[in-house]
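Enquirer:
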Amino acid sequence: MEPRGQDRRPFTRRVWMSVVVSLTLLLGIELGLRLLIGPPKPILGLIPVSQVTLVEQGDEVVLSHVIDTRQDVRVPRAPGDRPRVVFLGGSSVRHTYSISDDHNFPSHVQALAPELEILNLASPGQTTPTLAALVARLDALHPDLIVLHTGHNDYADVVFAGVPRWDNPLLNAAIGLGARSALFSVLAERLALEHVGVDRHHGTRGAVVRVVRDDLSARTLPRRTERLIADVRRLVAQSPAPVMLTTLWRSFEHPPSATNTDEDPAQCQATLDEQLNPRGRSPEAESLIVAACGVESSAALWVQARALAAQGQRAEATRRWGLALSRSPLPLAAPLAADDALRALAAEDGLCLADLNAALGPLPQDGHFTDAVHLNPRGARAVAEAITPALRACLAQRPGAGS
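Numbering (my numbering), first residue to last: -10 to 392.
1. Which residue from 127, 332, 295, 321 puts its Cα closest to that of residue 354?
2. Buried or exposed, going by whether 16 or more other CB atoms sit within 10 Å of the CB of residue 80?
3. Under three-state DSSP, which class holds residue 346?
4. Go ahead and pull the three-state DSSP assignment for residue 311.
5. Give the DSSP-derived three-state secondary structure of residue 39 in the structure shown.
6. Less than 8 Å between the CB atoms is what I'm expecting for residue 14 and residue 73, so what's the real figure, rounded?
7. When you compare only the Cα positions, how much space is there between residue 330 and residue 230?
8. By alpha-carbon positions, which one of 358, 136, 45, 337 ends up nearest to residue 236?
9. What's the gap between the Cα of residue 24 and the Cα of residue 170?
10. Buried or exposed for residue 83, please, with buried defined as at least 16 other CB atoms from any protein chain shown within 10 angstroms of its CB.
11. By the 10 Å Cβ neighbour count, where 16 or more other Cβ atoms means buried, how is residue 5 classified, buried or exposed?
12. Quick one: residues in its chain with C-beta nearer than 8 Å to the C-beta of residue 345, no 5 flanking neighbours on either side, listed in chain order?
13. Here's a check: name, in chain order, each residue in its chain whose Cβ is nearer than 8 Å to the Cβ of residue 387, leaving out the five neighbours to either side.
14. Name the DSSP beta bridge partners of residue 64, please?
15. If we count the other Cβ atoms within 10 Å of its Cβ and call it buried at 16 or more, is residue 10 buried or exposed?
16. Can you find the residues in the same chain that come closer than 7 Å, C-beta to C-beta, to residue 65, ignoring five residues on each side of it along the sequence?
17. For residue 103 and residue 93, I'd like the C-alpha separation in whole angstroms.
18. What is the rounded straight-line gap between the Cα of residue 19 and the Cα of residue 53?
19. State the beta-bridge partners of residue 341 as determined by DSSP.
20. Starting from residue 76, follow the beta strand (DSSP E) in both directions and report where the run begins and ends.
21. Nearest by alpha-carbon distance to residue 106: which of 383, 76, 258 is it?
22. Quick check on this structure: which residue in 241, 45, 119 has the alpha carbon closest to the alpha carbon of residue 128?
23. Distance check for residue 12 and residue 393, CA to CA, integer angstroms please.
24. Could you check if residue 0 is buried or exposed, using at least 16 other CB atoms within 10 Å of its CB as the buried criterion?
25. Let's see if you can read the secondary structure: which residues bound the alpha helix (DSSP H) around residue 97?
26. Assign residue 316 to one of two classes, buried (16 or more other C-beta atoms within 10 Å of its C-beta) or exposed (fewer than that).
27. Could you pull out every residue in the same chain whose Cβ sits closer than 6 Å to the Cβ of residue 225, ignoring the five residues on either side in sequence?
28. Who does residue 358 pair with in a DSSP beta bridge?
29. Which residues bound the alpha helix (DSSP H) around residue 104?
30. Can the beta-carbon of residue 328 be found closer than 8 Å to that of residue 213?
31. Alpha carbon to alpha carbon, what distance is there between residue 227 and residue 123?
32. So what does DSSP say about residue 285, is it helix, strand or coil?
33. Answer with buried or exposed for residue 245, where buried requires no fewer than 16 other C-beta atoms within 10 angstroms of its C-beta.
34. Does the Cβ-Cβ distance between residue 221 and residue 384 come in under 8 Å?
35. Nearest to residue 297 by CA position, among 352, 97, 17, 381, is which residue?
36. Since I believe residue 312 is in contact with residue 361 (beta carbons under 8 Å), could you give me their beta-carbon distance rounded to a whole number of angstroms?
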């Protein structure tokens, strides 16, 4: 009978051989991808977007992006002789580095209010919990007011699958290491495309809407709204300066990014692909989408809302638009219920509020957005013009601000 230790040697050898072969295979794929596509491109997809932190470096404070340092924001630590206002939010406040400042409404606020020092510390993908982690460190900047524009990403748990909801240094390091890999970059991009339903090979489509048979949005919506308000309250409690809230603005021109349906999903998808494409749209688009996807689907509710708004029936259009947002299984834009909850929070806790949804309307005219929530220059100017008076009024309540 052989010693027991010898029985394990072949198994241990096989395990090590498997590890070596797997690593060799991954290295070969990595080298092959680098030869084919070059070095890994910055991942602006879904996994790493919330990985930011505030770092003090000498006379500056840096909003550091773990994955893509080209998005880093450097601001002077010491305030000047103007009241210092810090804007926090996601990509609806700051687009990615490839978009000019003309798309970011805080830059327009700075132009409208030169007597203020505006710092835009927003970053793509931020949720209220990740913003709270930044707020706790903002005392280094000595802000006079913090403007919080949050909510869209808090409802987008499906969209931001895999995004950490907290500031985790170990996870930051792991994702930072992975981002050096071309294979990781390709896989992360594919995950992003799968979740948002983007099809880069169909550039002629007017919109891409994903069809989902089983939808949990209606059941989970109240819980998400409650969580948003609880998270905002925690952020305000940690803030080193007064906080002004804003309600949200979203595009009425673009359809919900996904729709629920009780009908045949394939037929619904085919109808949407055709009728939301300007080249294939027919005069009966509304009735065709209702028939294919169901009268209570978010896609049908959106086309009904658009038709009602065109007829001047704005109250009913707003109601159906609100239902369309609340029933979208892939909520890139927060529902209108988020605005009601933020208004109630501001009233209950005595916080300043810039009510963008009320000032600009829940059914904005076409031509203000690049997609469901991201502003173009015209939209950014409109938001800045609505928010600047509220900002000045809030600072006026603090006579010593900036002194």
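Backbone N, C-alpha and C fix where the C-beta goes; we use that ideal spot for every residue, glycine too.
Expert: On the basis of the supplied data:
1. Here residue 354 corresponds to residue number 365 of the sequence shown, with the count starting at 1. The option with the nearest alpha carbon to residue 354 is 295.
2. By one-based count along the sequence shown, residue 80 stands at place 91. Burial is judged here by how many other beta carbons sit within 10 angstroms of a residue's own beta carbon; residue 80 has at least 16 and is buried.
3. Sequence index remark: in the sequence shown, residue 346 carries index 357 (1-based). Under the three-state reduction of DSSP output, residue 346 falls in the helix class.
4. Here residue 311 corresponds to residue number 322 of the sequence shown, with the count starting at 1. When DSSP states are grouped into helix, strand and coil, residue 311 belongs to the helix group.
5. Taking the sequence shown and counting its residues from 1, the one referred to as residue 39 is at position 50. With a pLDDT of 49 at residue 39, under the threshold of 50, the modelled position of that residue is not reliable, and the figure given next carries that caveat. In the structure shown, residue 39 sits in coil (DSSP, three-state: anything other than H, G, I, E or B).
6. Here residue 14 refers to the residue found at position 25 of the sequence shown. Here residue 73 refers to the residue found at position 84 of the sequence shown. In this structure residue 14 does not touch residue 73 by the C-beta definition: roughly 53 Å separates them, more than the 8 Å allowed.
7. Locating residue 330 in the sequence shown gives position 341, where the first residue counts as 1. Locating residue 230 in the sequence shown gives position 241, where the first residue counts as 1. The alpha-carbon atoms of residue 330 and residue 230 are separated by roughly 22 Å.
8. One-based indexing of the sequence shown puts residue 236 at position 247. If we check each option's Cα against that of residue 236, 136 comes out closest.
9. Here residue 24 refers to the residue found at position 35 of the sequence shown. Here residue 170 refers to the residue found at position 181 of the sequence shown. Rounded to whole angstroms, residue 24 to residue 170 spans 13 Å at the Cα level.
10. Position 94 of the sequence shown holds residue 83. Under this definition residue 83 is a buried residue.
11. Position 16 of the sequence shown, counted from the start, is the residue given in the question as residue 5. It is exposed - the Cβ of residue 5 has fewer than 16 other Cβ atoms within 10 Å.
12. In the sequence shown, residue 345 corresponds to position 356, counting from 1. Excluding residues up to 5 positions away in sequence, 235, 236, 237, 238, 372, 375, 376 lie with their Cβ nearer than 8 Å to the Cβ of residue 345 in the same chain.
13. On the sequence shown, residue 387 is found 398 positions in, with the first residue counted as 1. Cβ within range, chain order: 133, 134, 231.
14. Start at 1 with the first residue of the sequence shown, and residue 64 comes out as number 75. The partner list for residue 64 (beta bridge, DSSP) reads 50.
15. Along the sequence shown, read from residue 1 onward, the residue named residue 10 stands at position 21. By the Cβ neighbour-count rule, residue 10 is exposed, with fewer than 16 other Cβ atoms within 10 Å of its own.
16. For the purposes of this step, residue 65 is taken as the residue at position 76 of the sequence shown. Excluding the 5 residues flanking it on each side, residue 65 has same chain C-beta neighbours closer than 7 Å at 48, 49, in chain order.
17. Taking the first residue of the sequence shown as position 1, residue 103 is located at position 114. Taking the first residue of the sequence shown as position 1, residue 93 is located at position 104. Taken atom to atom, the span from the alpha-carbon of residue 103 to that of residue 93 is near 16 Å.
18. Here residue 19 refers to the residue found at position 30 when the sequence shown is read from its first residue. Here residue 53 refers to the residue found at position 64 when the sequence shown is read from its first residue. Their backbone Cα atoms lie some 27 Å apart in a straight line.
19. To locate residue 341, count along the sequence shown from 1; it is residue 352. For residue 341, DSSP records a beta bridge to 233.
20. For the purposes of this step, residue 76 is taken as the residue at position 87 of the sequence shown. 73 to 78 is the extent of the beta strand (DSSP E) around residue 76.
21. The residue labelled residue 106 in the question sits at position 117 within the sequence shown. Residue 106 has its Cα closest to that of 76, out of 383, 76, 258.
22. In the sequence shown, the residue the question calls residue 128 occupies position 139. Ranking 241, 45, 119 by Cα distance to residue 128 puts 45 first.
23. Given that the chain is displayed from residue -10 to residue 392, the structure contains no residue 393 and the question cannot be resolved.
24. Position 11 of the sequence shown, counted from the start, is the residue given in the question as residue 0. By the neighbour-count criterion, in which a residue is buried when 16 or more other Cβ atoms sit within 10 angstroms of its Cβ, residue 0 is exposed.
25. Working through the sequence shown from its first residue, we reach residue 97 at position 108. Element bounds for residue 97: 94 to 101.
26. In the sequence shown, counting from the first residue as 1, residue 316 sits at position 327. With a 10 Å radius around the Cβ and a threshold of 16 neighbouring Cβ atoms, residue 316 comes out buried.
27. Numbered from its first residue, the sequence shown carries residue 225 at position 236. If we look at residue 225 and ignore the five residues flanking it on each side, its Cβ neighbours are 232.
28. Start at 1 with the first residue of the sequence shown, and residue 358 comes out as number 369. For residue 358, which the question treats as bridged, DSSP gives the partners 364.
29. What you label residue 104 is simply residue 115 of the sequence shown in a count that begins at 1. Segment: none, residue 104 is in no alpha helix (DSSP H) and carries neither H nor E.
30. Here residue 328 corresponds to residue number 339 of the sequence shown, with the count starting at 1. Here residue 213 corresponds to residue number 224 of the sequence shown, with the count starting at 1. With a cutoff of 8 Å on beta-carbon distance, residue 328 and residue 213 are scored as not near each other.
31. As a first step, residue 123 must be located in the sequence shown, where it is residue number 134. As a first step, residue 227 must be located in the sequence shown, where it is residue number 238. Rounded to whole angstroms, residue 123 to residue 227 spans 10 Å at the Cα level.
32. Locating residue 285 in the sequence shown gives position 296, where the first residue counts as 1. When DSSP states are grouped into helix, strand and coil, residue 285 belongs to the coil group.
33. On the sequence shown, position 256 is the one that residue 245 refers to. Looking at its Cβ environment, which holds 16 or more other Cβ atoms inside 10 Å, residue 245 is buried.
34. Looking up residue 221 in the sequence shown gives position 232. Looking up residue 384 in the sequence shown gives position 395. Contact: no.
35. Taking the first residue of the sequence shown as position 1, residue 297 is located at position 308. Taking each of 352, 97, 17, 381 in turn and checking the Cα distance to residue 297, the smallest one comes out for 352.
36. Against the sequence shown, residue 361 aligns to sequence position 372. Against the sequence shown, residue 312 aligns to sequence position 323. Cβ-Cβ separation between residue 361 and residue 312: approximately 16 Å, too far for a contact (criterion under 8 Å).
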